[in-house]
Amino acid sequence: MPNAFIRLDAVHKTYRLGETTVPALRGVTLDLHKGEFTAIVGPSGAGKSTLLHLVGCIDEPDRGVVLVEGTDVATLSDDERSRLRNRKIGFIFQSFNLVPVLDARENIELPLLLHGHVSTSERAARVQQALEDVGIAGFAHHLPDRLSGGQRQRVAIARALVTHPLLVLADEPTANLDSATAHHILDLMVELNEKRGVTFLFSTHDEKLIRRVGRVVQISDGLLVDTPSTAARA
Amino acid sequence: MSGAWKLAVRNLSRNRRRNLATGLAIALGFAALVVLSGYLRYGERFLRANAVYIQHGGHVAVFREGGLALAWLKPGEYRLTRAEQDTVTATLAADPRVEFSAPFLRGMGLVGNGCRAVPFVGLGVDLAQEQRIMRHREVQYACPDLAQPLAGRELSSYTTVDGAVSLAAGLAKLLGKQRVHDEVPNAVATPPDCAAPDLAARIAADANVQLAAVTYDGAFSAVDAEMVSVVRANSMDTEDTLLLASLPTLQRLYETDGVTYIAAFLHDVRETHAVAADVEARLRALGLRVTTHSFDDERVNPYFVGTMAFLDSMRFFIDLLVMAVVALSMVNATTLSVLERTRELGTLRALGFQRGELRNLFLRETLILTTLALCAGLVVALGAIAVFNATGILVEPPGIPGRVRLRLEPTVVQSAGLALEIALVLLGATWVAVRRQTRTRVVTLLAATSG
């Protein structure tokens, strides 16, 4: 498919649990396009997280190819994959994964520290913008344990956005939040997608959230039920 | 402060009790090593001052070739003649690295009190240079007590007393001589009645002794001498035999104008081997068949060399022990820290941190903790050393009669070297502890329940 900046082609991934091997993905092919807001849905163990890990270049397929802007990720060294993640992919985790000893501002600044070409003043400006984008500018100097779950996830979203990535991956970003907060977070992500053109790929099994997403990719037993060509588009 | 250093500082504040314990282990280990290095440095300085000055060996001694071993057996054959002495002295005087030089004559014989004679091992010294040696700053710093006579004044003070000699305390006791020249200045020496009931008191009443020896030509010779001081022997071995005399007195006894060796005393001990080699080469070029021997030559000073080897091995094992303890403390603390932060490491990796950057993060933490601990350790060490030196503890060095005031004197260079050694060991320990975890797959790190 043209214009796909991330492509998974016949990707297989198997995990070994003791003597048993568990197939997580069994020949998944998927294209992701700029500006999309895509949800991967499926029951637990369907392969959602594995798919996100492969797209995020933090895991490697057993077979098949993962292409990011035309580059086969398997041909990159570990350090090159790290740089690729830092420059082009933002991560939002289910458990927020904030560094507890850094305040909100410092957590958001963390991935920018690896951008040697970004000056201190530009870094500060970007962090401030990210804080304002997610609506927690007033909590910039709060440590994570002084923030609510929703606020922590906003910090995590700001951290994912601050590097201006091509794609933001969110692995069940609302799973640890109450229903109202979950919807606020989703509102925020949708707003960022629509107004700022941020590309999102997130996994969830929450039916209420799925209704608000432009594109839904169903996964079950390691196979896509709705292929990219048949998936609904926004 | 850059972000990475800030993160390192913040991480150190996570588990303060553990980091405090680790820092304490480093600080105390470093303090112990600094104190030990101060003790060993003083020990080396004391031993060197004893070997070079108190034992009159100089930093470099010039012997006739073979004289070091054979001058005792054939003193006439292995002496330095008057002309050779002049050449050696002039050569040494021309070398700016040499502070001064002095001739010495070794010899053996009998010393008697009129009724009893015992063997002595004598050393003839130039009185002017003897004063310079015993009042040298190194002697006054490292072992002033050993340079002070137990009775009487320094031998060099008695330039007008004919046949002035100093006896080691044990030798004086064997002869029953209890009074030195200054205590009985006008005593007239008369041959005692060896059968008299008050013989001991009569012998003790004056400072007169007689020296007897075989001259270099094989004849019998004797001279009258006056015990002007009682001194500490420079080793336990010579406590009952050591006799110091003016060079002319011993030369008269052996009927020679020769000397056994000429010792060179240097400005800087580090020049010893270079001076030894240069002087020997120059003298040989002038036609003299001489050899030079440095004070740290085992054949010259086996006590110095043996003791230093023992101290160095002790230093090595204590260093090893302390390093092992602090390194294990660091490995333990870092391993726990890494395990507690496993998922955080996964997060950082997902955000784009490379393996090396994660390792550097932990290395920064170690560097900060180590620097703080080393500073604390230095303060502890300097405090302990100040208290110790102020107490003025006296010790009896093994193998040397008398007591010396023990000091601890670490140097800046040694302490900095120890600090660097510890820092490198700890950075290495951290690298080992962190390496495995940073090589773990990112998804595995993220799946961890801790951190």
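Those protein sequence lines, which keep their order, are chains F and L.
With our numbering, the residue at position 163 of the first sequence is 371, and numbering never jumps.
With our numbering, the residue at position 94 of the second sequence is 1186, and numbering never jumps.
The beta carbon of each residue, even a glycine, is placed where N, CA and C say it ideally should be.
No experiment lies behind these values; they were computed from the predicted model shown.
Proximity below 8 Å, CB of residue i to CB of residue j
| i | j | result |
| --- | --- | --- |
| Leu-1339 (chain L) | Gly-1216 (chain L) | yes |
| Leu-1512 (chain L) | Ile-1477 (chain L) | no |
| Val-263 (chain F) | Leu-377 (chain F) | yes |
| Asp-287 (chain F) | Gln-1529 (chain L) | no |
| Leu-369 (chain F) | Thr-382 (chain F) | no |
| Thr-1458 (chain L) | Thr-1426 (chain L) | yes |
| Val-1351 (chain L) | Pro-1195 (chain L) | yes |
| His-199 (chain F) | Asp-267 (chain F) | As displayed, chain F neither begins before 209 nor continues past 442, which places residue 199 (chain F) out of reach and without an answer. |
| Ser-1248 (chain L) | Leu-1219 (chain L) | yes |
| Gln-1223 (chain L) | Glu-1246 (chain L) | yes |
| Ile-1492 (chain L) | Val-1418 (chain L) | no |
| Ile-316 (chain F) | Leu-339 (chain F) | yes |
| Phe-301 (chain F) | Asp-239 (chain F) | no |
| Leu-1461 (chain L) | Leu-1104 (chain L) | yes |
| Val-1306 (chain L) | Ala-1260 (chain L) | no |
| His-391 (chain F) | Gly-358 (chain F) | no |
| Leu-217 (chain F) | Gly-278 (chain F) | Going by the sequence as given, residue 217 (chain F) is Asp instead of Leu. For Asp-217 (chain F) and Gly-278 (chain F), no; Cβs fall outside 8 Å. |
| Val-1414 (chain L) | Leu-1125 (chain L) | yes |
| Ala-1337 (chain L) | Gly-1214 (chain L) | yes |
| Glu-1230 (chain L) | Ala-1311 (chain L) | no |
Spatial neighbours of residue i in its chain, beta-carbon cut-off 6 Å, leaving aside the 5 residues before and after
| i | result |
| --- | --- |
| Thr-1384 (chain L) | Val-1152, Val-1154, Ala-1368, Val-1371 and Glu-1372 |
| Arg-441 (chain F) | Confidence at Arg-441 (chain F) is low in this model, with a pLDDT of 38, below 50, so the placement of that residue should be treated as unreliable; the coordinate-derived value is given next. Arg-423. |
| Phe-1454 (chain L) | Thr-1522 and Val-1526 |
| Ser-1429 (chain L) | none |
| Ser-1129 (chain L) | Pro-1502 and Gln-1506 |
| Leu-1184 (chain L) | Val-1190, Ser-1193 and Ala-1356 |
| Leu-1488 (chain L) | In the sequence as presented, Leu is not what sits at residue 1488 (chain L); that position holds Glu. The residues are Arg-1495. |
| Arg-313 (chain F) | Val-335 and Ala-348 |
| Thr-438 (chain F) | Confidence at Thr-438 (chain F) is low in this model, with a pLDDT of 36, below 50, so the placement of that residue is unreliable and no value is reported for it. |
| Ser-257 (chain F) | Asp-379 |
Closest by C-alpha distance to residue i, when choosing among the options
| i | options | result |
| --- | --- | --- |
| Tyr-1353 (chain L) | L:Asp-1360, L:Asp-1187, L:Val-1392 and L:Leu-1334 | L:Val-1392 |
| Gly-298 (chain F) | F:Leu-417, F:Leu-394, F:His-220 and F:Ala-364 | F:Ala-364 |
| Asn-443 (chain F) | F:Arg-360, F:Met-397 and F:Thr-371 | Summary: the structure shown does not reach residue 443 (chain F), with chain F confined to residues 209 through 442, and so no result is reported for it. |
| Tyr-1308 (chain L) | L:Leu-1202, L:Asn-1278, L:Gly-1469 and L:Thr-1348 | L:Thr-1348 |
| Ala-1123 (chain L) | L:Asp-1411, L:Arg-1109, L:Leu-1431 and L:Thr-1434 | L:Asp-1411 |
| Ala-1465 (chain L) | L:Ala-1100, L:Leu-1120 and L:Leu-1099 | L:Leu-1120 |
| Ala-1314 (chain L) | L:Arg-1106, L:Arg-1324 and L:Ala-1209 | L:Ala-1209 |
| Thr-1483 (chain L) | L:Ala-1304, L:Leu-1112, L:Pro-1490 and L:Arg-1497 | L:Arg-1497 |
| Cys-265 (chain F) | F:Thr-389, F:Ala-338, F:Val-281 and F:Ala-332 | F:Val-281 |
| Arg-404 (chain F) | F:Gly-430, F:Pro-373 and F:Asp-386 | F:Pro-373 |
| His-1365 (chain L) | L:Phe-1212, L:Glu-1275 and L:Ser-1386 | L:Ser-1386 |
| Arg-234 (chain F) | F:Glu-227, F:Tyr-223, F:Pro-308 and F:Glu-399 | F:Tyr-223 |
| Leu-1099 (chain L) | F:Gly-430, F:Leu-321, F:Glu-330 and F:Lys-296 | F:Leu-321 |
| Val-1382 (chain L) | L:Arg-1531, L:Val-1479 and L:Arg-1374 | L:Arg-1374 |
Cut-off 7 Å between Cβ atoms - residues of its own chain near residue i, not counting five sequence neighbours on either side
| i | result |
| --- | --- |
| Gly-433 (chain F) | The sequence shown places Val at residue 433 (chain F), not Gly. For Val-433 (chain F), where only same-chain residues beyond five positions count, the Cβ hits under 7 Å are Gln-426 and Ile-427. |
| Val-1127 (chain L) | Ala-1473, Ala-1476, Ile-1477 and Leu-1500 |
| Val-1253 (chain L) | His-1273, Glu-1318 and Val-1320 |
| Val-342 (chain F) | Arg-362, Ile-365, Ala-366 and Leu-396 |
| Gly-1201 (chain L) | Phe-1212, Gly-1214, Leu-1303, Ala-1304, Ala-1305 and Leu-1345 |
For residue j and residue i, believed in contact at Cβ under 8 Å, the rounded distance
| i | j | result |
| --- | --- | --- |
| Leu-1450 (chain L) | Arg-1441 (chain L) | 7 Å |
| Ala-1356 (chain L) | Ser-1193 (chain L) | 5 Å |
| Leu-1538 (chain L) | Thr-1439 (chain L) | 7 Å |
| Ala-232 (chain F) | Lys-242 (chain F) | That belief does not hold up - the Cβ atoms of Ala-232 (chain F) and Lys-242 (chain F) are roughly 27 Å apart, past 8 Å. |
| Val-1203 (chain L) | Leu-1335 (chain L) | 6 Å |
| Thr-407 (chain F) | Leu-355 (chain F) | Their Cβ separation, rounded to whole angstroms, is 26 Å, which puts Thr-407 (chain F) and Leu-355 (chain F) out of contact at 8 Å. |
| Pro-1211 (chain L) | Thr-1330 (chain L) | About 11 Å separates the two Cβ atoms, so there is no contact after all. |
| Pro-454 (chain F) | Gly-1444 (chain L) | No answer is possible for residue 454 (chain F): it lies beyond the span of chain F, which begins at 209 and ends at 442. |
| Val-185 (chain F) | Arg-1106 (chain L) | Residue 185 (chain F) falls outside the range modelled here, since chain F spans only 209 to 442, and no answer is possible. |
| Pro-1283 (chain L) | Gly-1206 (chain L) | 5 Å |
Beta-carbon contacts of residue i that lie in its chain and below 8 Å, excluding the five residues immediately before and after
| i | result |
| --- | --- |
| Ser-303 (chain F) | Asn-384 |
| Leu-1162 (chain L) | Glu-1169 and Tyr-1170 |
| Ala-1299 (chain L) | Lys-1269, Arg-1271, Val-1272, His-1273, Glu-1275, Val-1276, Ala-1279, Glu-1318, Met-1319 and Val-1320 |
| Thr-1181 (chain L) | Ser-1193, Pro-1195 and Ile-1354 |
Cβ of residue i within 8 Å of any chain C Cβ
| i | result |
| --- | --- |
| Thr-1439 (chain L) | Chain labels in this structure do not include chain C; the protein chains are F and L. |
Residue i: CB within 7 Å of a non-hydrogen atom of the ligand FMN
| i | result |
| --- | --- |
| Val-263 (chain F) | You won't find the ligand FMN in this model; it holds no ligand whatsoever. |
Check distances from the C-beta atoms of the region 1443-1462 of chain L to those of chain F and list, in chain order, the residues that come in under 7 Å.
Cβ contacts with chain F come from Leu-1443, Gly-1444, Phe-1445, Gln-1446 and Arg-1447.
With 8 Å as the C-beta to C-beta threshold (strictly closer), list the residues of the region 1095-1125 of chain L near chain F in chain order.
Listed by position along the chain: Gly-1095, Ala-1096, Lys-1098, Leu-1099, Arg-1102, Asn-1103, Ser-1105 and Arg-1106.
Can you pull out the residues from the region 287-300 of chain F whose beta carbon lies closer than 7 Å to at least one beta carbon of chain L?
Cβ contacts with chain L come from Asp-287, Ser-290, Arg-291, Arg-293, Asn-294 and Phe-299.
Residues within the region 1514-1539 of chain L neighbouring chain F, beta-carbon criterion of under 8 Å:
From the region 1514-1539 of chain L, only Arg-1533, Val-1534, Val-1535 and Leu-1538 have a Cβ closer than 8 Å to chain F.
What residues from the region 349-366 of chain F come within 9 Å of chain L, judged by C-beta to C-beta, listed N to C?
Under the 9 Å Cβ criterion, the region 349-366 of chain F contributes no residue.
Check distances from the C-beta atoms of the region 262-287 of chain F to those of chain L and list, in chain order, the residues that come in under 8 Å.
For the region 262-287 of chain F, the set of positions with a beta-carbon nearer than 8 Å to some beta-carbon of chain L reads Gly-264, Ile-266, Asp-267, Asp-286 and Asp-287 in chain order.
Residues in the region 213-230 of chain F with C-beta within 7 Å of chain L's C-beta atoms, listed in sequence order?
Under the 7 Å Cβ criterion, the region 213-230 of chain F contributes no residue.
Chain F contacts from the region 1340-1373 of chain L (Cβ-Cβ distance under 9 Å)
Residues passing the 9 Å Cβ filter: none.
Taking a Cβ distance cut-off of 9 Å, strictly less, list which residues of the region 1182-1199 of chain L are near chain F, in chain order.
Considering only beta carbons, no part of the region 1182-1199 of chain L lies closer than 9 Å to chain F.
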